[in-house]
Amino acid sequence: MTTDSSSTNRAPAEGISTFKGQDRALRADRLGTGGLLLSVLAATAPLMVVAGVMPTTFAVMGIVGQPLLFVVLGTVLVLFSLGYAEMSRHVHNAGAFYAYISRGLGGTAGAGAALVALVAYNSLQVGIYGIFGFEVSGLFATYADLEVAWWIPALAAALAVGVLGWLKIDVNAKVLGVLLVIEVLLVVVFDIAAVADPGEEGLSLHAFNPDTLTGAGVGTALCFCIAAFLGFEQAPVYAEETSRPHVLVPRVMFLAVAGVAVFFAVSSWALTVATGPATIVATSQEQSAGLLFFLTEDRLGSTFTDVLHVLFVTGMFAAMLSFHNVVARYAFAMGREGLLPAAFGRTTGSSGAPGTGSLLQTGIAVVLVLTFALTDDKPTGDPTAPVLHLFTWGGNIGALGVIVLMAIASLSVVVFFVRRGAAGAQAWRLVTSAVAGIALVVIAVYTVKDFDVLVGTGPDSALRWILPGVIGLALVTGLVQGAILRTRAPETHARIGLGNEAFQLEKEAERTP
Numbered sequence: 046m047t048t049d050s051s052s053t054n055r056a057p058a059e060g061i062s063t064f065k066g067q068d069r070a071l072r073a074d075r076l077g078t079g080g081l082l083l084s085v086l087a088a089t090a091p092l093m094v095v096a097g098v099m100p101t102t103f104a105v106m107g108i109v110g111q112p113l114l115f116v117v118l119g120t121v122l123v124l125f126s127l128g129y130a131e132m133s134r135h136v137h138n139a140g141a142f143y144a145y146i147s148r149g150l151g152g153t154a155g156a157g158a159a160l161v162a163l164v165a166y167n168s169l170q171v172g173i174y175g176i177f178g179f180e181v182s183g184l185f186a187t188y189a190d191l192e193v194a195w196w197i198p199a200l201a202a203a204l205a206v207g208v209l210g211w212l213k214i215d216v217n218a219k220v221l222g223v224l225l226v227i228e229v230l231l232v233v234v235f236d237i238a239a240v241a242d243p244g245e246e247g248l249s250l251h252a253f254n255p256d257t258l259t260g261a262g263v264g265t266a267l268c269f270c271i272a273a274f275l276g277f278e279q280a281p282v283y284a285e286e287t288s289r290p291h292v293l294v295p296r297v298m299f300l301a302v303a304g305v306a307v308f309f310a311v312s313s314w315a316l317t318v319a320t321g322p323a324t325i326v327a328t329s330q331e332q333s334a335g336l337l338f339f340l341t342e343d344r345l346g347s348t349f350t351d352v353l354h355v356l357f358v359t360g361m362f363a364a365m366l367s368f369h370n371v372v373a374r375y376a377f378a379m380g381r382e383g384l385l386p387a388a389f390g391r392t393t394g395s396s397g398a399p400g401t402g403s404l405l406q407t408g409i410a411v412v413l414v415l416t417f418a419l420t421d422d423k424p425t426g427d428p429t430a431p432v433l434h435l436f437t438w439g440g441n442i443g444a445l446g447v448i449v450l451m452a453i454a455s456l457s458v459v460v461f462f463v464r465r466g467a468a469g470a471q472a473w474r475l476v477t478s479a480v481a482g483i484a485l486v487v488i489a490v491y492t493v494k495d496f497d498v499l500v501g502t503g504p505d506s507a508l509r510w511i512l513p514g515v516i517g518l519a520l521v522t523g524l525v526q527g528a529i530l531r532t533r534a535p536e537t538h539a540r541i542g543l544g545n546e547a548f549q550l551e552k553e554a555e556r557t558p
């Protein structure tokens with residue numbers, strides 16, 4: 046991706062306070078460390094990862110060393126975060142990824158990244174509606190003896206999330222926080238129970254042996270596992286809504302990455318301890334997404350397992366709400382800077398929420414859920430096909446998009462500080478960003494190469510190229526939009542990535558005789 050110097054050299058004026066236009070800015074000082082951390086961590090949906098992603102990775106990839114993979118990926122993402130967090134000290138914009146990329150690589154690259162971010166986070170959020178509807182339908186069947194089509198609870202959730210997205214962010218943080226804390230506590234209880242009552246092989250640390258990462262499935266397992274981390278990178282999206290973004294955003298990012306890496310490494314190890322490393326793959330293949338519930342039923346009883354099932358659903362709701370908020374803020378930032386219609390760059394009422402962006406995301410979710418609902422049981426005769434396709438297709442398209450964004454952002458960090466003449470002062474961050482960027486490119490290549498495995502299609506299926514092609518199409522479309530703006534609307538192009546600072550500069554210009 047090429048840079049355009051006319052944009053990268055436009056440094057925002059130092060010392061200029063952020064302009065709080067009546068509806069061009071998100072409400073400031075609304076999130077502290079706790080609220081921001083909970084909003085970010087909710088997107089990781091810890092119970093969904095432990096109950097869904099981990100058994101799938103063990104079963105499909107046959108990789109026993111999944112705990113070690115979480116350690117490796119945690120290290121890579123910490124290296125990425127060093128530069129990404131430093132950028133957050135210089136750029137406060139709700140369109141975090143594309144704002145950073147535009148500051149380093151220019152407005153055209155930023156426009157491409159903006160559309161990728163919008164598509165990726167929408168895909169992640171909508172994909173969860175599929176598995177949410179499926180699980181809620183199962184709960185009705187199990188506990189109320191009612192047959193409810195999966196798309197009914199999915200649509201109900203879309204509307205509920207839309208309402209909460211319209212409300213102020215501190216309400217969302219409270220909702221997310223309660224659900225998240227309960228989820229984590231229940232998983233920790235299972236971890237302790239597994240260690241206290243291990244399988245036949247005892248407290249084996251075999252899953253952390255590097256020899257367990259040999260085999261053809263390692264690359265694809267990386268793709269599965271990195272998706273479990275998604276959410277930590279959202280912290281800068283809320284920068285405008287924090288009291289001290291230059292302090293809180295980096296702090297929350299590092300807490301999130303480190304906490305997620307340790308939590309998932311320990312929990313995936315607990316699964317291997319509970320079954321025994323020698324049988325974890327076979328047991329996962331037999332139990333699939335029911336592995337965690339199978340293990341808790343034996344050790345902690347049916348009541349605990351029933352509560353876990355319910356929290357599995359509420360955890361997905363929290364993740365949907367978190368991704369919804371991010372999509373709404375990206376749409377707000379893009380509308381404010383001319384990449385979407387101006388209506389998206391306005392906040393709503395006294396809450397200061399990005400209401401139009403929230404409506405956009407809700408509309409997209411409703412349309413896609415209805416589209417998949419219309420294909421229900423046709424033509425395969427498998428009633429789970431549409432819902433599981435919605436989840437796997439949306440989740441993996443979104444994960445690929447975020448991996449691509451992180452790789453490009455790593456390059457942007459290097460270019461940004463070099464252009465500012467700060468290469469010497471930031472040398473170690475530039476090195477860590479470069480190393481992380483290379484690792485992320487490798488993961489992105491594996492993701493595209495093995496997309497048929499990730500989404501469960503055959504190697505000859507056109508979907509293995511069409512689905513990842515969605516991200517490629519978004520990137521190309523955004524780049525074309527950026528190039529057109531650069532030629533036909535240079536003032537709009539120059540504003541890409543500046544956020545509130547662009548309007549402050551306009552205000553200063555109006556005062557100048």
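So the sequence shown is residues 46 to 558, counted in this note's numbering.
For every residue, glycine included, the Cβ atom is placed at its ideal position computed from N, Cα and C.
Along the chain, which unbroken stretches of the beta strand (DSSP E) at least 3 residues long are found entirely within the stretch 71-126?
Those beta strand (DSSP E) runs which fall completely within the stretch 71-126 and span 3+ residues do not exist here.
May I ask which residues mark the beginning and end of the alpha helix (DSSP H) holding residue 491?
Start and end: 472-494.
Tell me the residue span of the alpha helix (DSSP H) that contains residue 147.
It spans 141-150 - the alpha helix (DSSP H) in which residue 147 sits, taken as one unbroken run.
Buried or exposed for residue 102, going by 16 or more other Cβ atoms inside 10 Å?
Flag for residue 102 reads buried.
Residue nearest to residue 576 in terms of C-alpha spacing, selected from 244, 343, 281:
Residue numbering for the chain in the displayed model covers 46 to 558; residue 576 lies beyond these limits and cannot be assessed.
Reference residue 202; option with closest CA among 519, 434, 410
For the residues 519, 434, 410, the minimum Cα distance to residue 202 belongs to 410.
Fully enclosed by the stretch 182-243, which alpha helix (DSSP H) runs are 4 residues long or longer?
Whole alpha helix (DSSP H) segments, 4+ residues: 196-211, 214-241.
Which residues in the same chain have their Cβ closer than 6 Å to the Cβ of residue 68, if we skip the five residues on either side of it in sequence?
Only weak support is given to the placement of residue 68: the predicted model assigns it a pLDDT of 49, under 50, and the value that follows is read from those uncertain coordinates. So the qualifying residues of the chain are 391, 392.
To which residues of the same chain is residue 344 closer than 6 Å at the C-beta, ignoring the five residues directly before and after it?
In the same chain as residue 344, and ignoring 5 residues on each side of it, the C-beta atoms closer than 6 Å to its own belong to 238, 242, in chain order.
Could you check whether the Cβ of residue 541 sits closer than 9 Å to any Cβ belonging to chain B?
Note that chain B does not occur in the displayed structure, where there is just one protein chain.
Stretch-stretch touch, CB-based, cutoff 8 Å, three pairs: the stretch 86-95 with the stretch 360-374
Counting C-beta pairs closer than 8 Å gives three or more between the stretch 86-95 and the stretch 360-374, which meets the contact rule.
Output the distance between the C-alpha atoms of residue 382 and residue 453, rounded to the nearest integer angstrom.
Cα atoms of residue 382 and residue 453: separation of roughly 21 Å, rounded to the nearest angstrom.
Helix, strand or coil for residue 136? Go by DSSP, reduced to three states.
Coil at residue 136, not helix or strand.
Can you give the Cα-Cα distance for residue 318 and residue 247, rounded to whole angstroms?
Rounded to the nearest whole angstrom, the C-alpha separation of residue 318 and residue 247 is 7 Å.
Report the residue from 223, 439, 171, 256 whose alpha carbon sits nearest the alpha carbon of residue 206.
The option with the nearest alpha carbon to residue 206 is 171.
Alpha carbon to alpha carbon, how far is residue 236 from residue 300?
Residue 236 and residue 300 have their C-alpha atoms roughly 21 Å apart.
Among 93, 179, 146, which has the Cα closest to the Cα of residue 435?
Closest by C-alpha distance to residue 435, out of 93, 179, 146, is 179.
Tell me the DSSP secondary structure of residue 254 in three-state form.
Here residue 254 sits in coil by DSSP.
Option in 303, 537, 269 with minimal Cα separation from residue 499
Measuring from the Cα of residue 499, the nearest candidate turns out to be 269.
Helix, strand or coil: how does DSSP classify residue 536 here?
If DSSP states are grouped into helix, strand and coil, residue 536 belongs with the helices.
Short check: CB of residue 160 to CB of residue 413, under 9 Å?
It is not a contact, given that the beta carbons lie outside the stated cut-off.
Considering only residues of the same chain and omitting the five flanking positions on each side of residue 222, which have a CB-CB separation below 6 Å?
Same-chain partners within the cutoff: 83.
Taking residue 229 as the reference, which of 185, 94, 293 has the closest Cα?
Minimum Cα distance to residue 229 is reached at 94.
Since residue 491 contacts residue 119 with CB under 8 Å, what's their CB separation in whole angstroms?
Going by Cβ atoms, the distance from residue 491 to residue 119 rounds to 18 Å, so no, they are not a contact pair.
How big is the Cα-Cα spacing for residue 258 and residue 109?
Those two C-alpha atoms are separated by around 7 Å.
Going straight from the alpha carbon of residue 529 to that of residue 537, what length do you get?
Each residue's Cα considered, the two are about 11 Å apart.
Among residues of its own chain, excluding the 5 on either side of residue 405, which ones have a beta-carbon nearer than 8 Å to its beta-carbon?
In the same chain as residue 405, and ignoring 5 residues on each side of it, the C-beta atoms closer than 8 Å to its own belong to 372, 373, 376, 389, in chain order.
How far does the alpha helix (DSSP H) with residue 392 in it reach, from first residue to last?
DSSP places residue 392 outside any alpha helix (DSSP H), giving it a letter other than H or E.
Classification of residue 439 by the beta-carbon crowding that lies within 10 angstroms, buried from 16 upward:
Its Cβ being crowded by 16 or more others within 10 Å, residue 439 is buried.
Run through DSSP, which three-state label would residue 505 get?
Here residue 505 carries a coil assignment [DSSP, helix/strand/coil].
Distance, Cα to Cα, residue 121 vs residue 316?
Whole-angstrom Cα-Cα distance: 24 Å.
Since residue 231 and residue 356 should fall inside the 8 Å C-beta cutoff, what is the C-beta to C-beta distance between them, to a whole number of angstroms?
6 Å between Cβ atoms; contact.
Below 6 Å CB to CB, which residues in the same chain sit around residue 526 once its five sequence neighbours on both sides are set aside?
Result list for residue 526: 156, in chain order.
For residue 266, report the span of its alpha helix (DSSP H) as first-last.
Run containing residue 266: 263-274, per the alpha helix (DSSP H) assignment.
Is the CB-CB distance between residue 442 and residue 168 below 9 Å?
Contact flag set, yes.
Give me, in chain order, the residues of the same chain whose beta-carbon lies closer than 7 Å to that of residue 449; leave out the 5 immediate sequence neighbours on both sides.
So the list reads 161, 489, 516, once near-sequence residues are dropped.
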